[in-house]
Amino acid sequence: RDGFVYGEGAAAMVIESLEHAGARGARVYAELAGGAVTSDAYHITAPDPGGGAASMAIQRALQKAAVPPEEVDLIVAHATGTPLNDAAETAAIKRALSKHAYRVAITAPKSMVGHQLGAAGAISGLAAIMAIREGVVPPTINLETPDPECDLDYTPLQAQSRPLGVALANGFGFGGQNGVAVFKRYQEG
Numbered sequence: 041r042d043g044f045v046y047g048e049g050a051a052a053m054v055i056e057s058l059e060h061a062g063a064r065g066a067r068v069y070a071e072l073a074g075g076a077v078t079s080d081a082y083h084i085t086a087p088d089p090g091g092g093a094a095s096m097a098i099q100r101a102l103q104k105a106a107v108p109p110e111e112v113d114l115i116v117a118h119a120t121g122t123p124l125n126d127a128a129e130t131a132a133i134k135r136a137l138s139k140h141a142y143r144v145a146i147t148a149p150k151s152m153v154g155h156q157l158g159a160a161g162a163i164s165g166l167a168a169i170m171a172i173r174e175g176v177v178p179p180t181i182n183l184e185t186p187d188p189e190c191d192l193d194y195t196p197l198q199a200q201s202r203p204l205g206v207a208l209a210n211g212f213g214f215g216g217q218n219g220v221a222v223f224k225r226y227q228e229g
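Residue numbers for the sequence shown, in my numbering: 41 to 229.
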């Protein structure tokens with residue numbers, strides 16, 4: 041982890057009520073079950089090393105989604121590849137999920153596509169949705185020597201097939217901006 045690589049990309053999704061989607065015959069990929077934002081205002085560019093406000097965003101998003109932490113199957117991490125950010129995000133996940141943090145799959149899309157800055161959140165959201173839909177945890181590529189501070193399951197090098205019902209998409213930006221979205225597998229009926 042020696043810094044992030046800029047990427048170029050975009051993503052778009054339609055977020056609408058189930059009734060509206062049904063009326064127009066749309067395919068529903070997932071349910072946006074909840075979300076939360078916090079701000080720690082710790083530093084203009086550095087995250088709070090303890091992950092306090094980021095952890096609070098995860099916890100509040102899960103509360104709004106009525107999802108207990110132990111039901112989270114996947115986290116699409118912000119994971120910029122920087123020592124400060126990755127360690128702080130790991131701390132936040134541990135604070136929010138407690139022991140379950142060691143059982144949840146985590147992926148870092150930026151390892152494959154770089155950091156798209158303003159588009160990063162939408163791309164992470166779509167990665168979460170498609171992972172749930174396809175039952176595949178995308179790999180964190182180039183993760184050959186994990187940092188001891190980042191001791192969770194970051195899905196190194198190879199994708200994993202597994203059933204996924206709930207995924208979080210984390211977005212933690214400069215100035216202490218923290219956003220988390222909770223996506224659930226859509227169940228008809």
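Cβ coordinates follow ideal geometry from the N, Cα and C atoms, glycine included.
What is the DSSP secondary structure of residue i, counted as helix, strand or coil?
i    : result
S57  : coil
F223 : strand
I146 : strand
V206 : strand
E228 : coil
V177 : strand
N218 : strand
H83  : coil
G211 : strand
P196 : strand
Near residue i, what residues of its chain come up, given a Cβ to Cβ distance below 8 Å and the 5 sequence neighbours on each side ignored?
i    : result
G92  : D80, A132, R135
D187 : R41, P123, D126, A127
G205 : E111, D113, I172, K224, R225
Quick one: what's got a C-beta closer than 6 Å to residue i's C-beta in the same chain, skipping five residues either side?
i    : result
N218 : T78, A93, A94, A97, F212
M170 : none
F214 : T85
A101 : G74, G75, A76, V220, V222
A145 : L114, V177, D193, T195
A70  : I169, I172, F223, Y226
Would you kindly work out how many angstroms separate the C-alpha atoms of residue i and residue j, rounded to a whole number?
i    : j    : result
I55  : R67  : 12 Å
A61  : L72  : 13 Å
G175 : Q200 : 8 Å
I172 : S57  : 19 Å
K150 : I163 : 9 Å
A159 : H118 : 12 Å
E189 : V112 : 22 Å
H155 : E228 : 34 Å
P109 : Q99  : 8 Å
R292 : E129 : Residue numbering for the chain in the displayed model covers 41 to 229; residue 292 lies beyond these limits and cannot be assessed.
T147 : G216 : 21 Å
Q103 : L183 : 32 Å
V107 : V45  : 33 Å
M152 : E59  : 36 Å
L208 : Y82  : 23 Å
K139 : A105 : 20 Å
At what residues does the beta strand (DSSP E) containing residue i begin and finish?
i    : result
G161 : That residue, G161, is in no beta strand (DSSP E); its alpha helix (DSSP H) goes 160 to 174.
L72  : 71 to 79
L114 : 114 to 116
I'd like the list of long-range same chain contacts for residue i, defined as Cβ closer than 7 Å, with 5 residues on each side in sequence excluded.
i    : result
P203 : G175
L197 : P179, I181, L183
Y142 : L192
What are the start and end residues of the alpha helix (DSSP H) that includes residue i?
i    : result
P123 : 123 to 137
I98  : 92 to 105
Any beta carbon from chain B within less than 8 Å of residue i's own beta carbon?
i    : result
A159 : No chain B appears in the structure shown, which is made up of a single protein chain.
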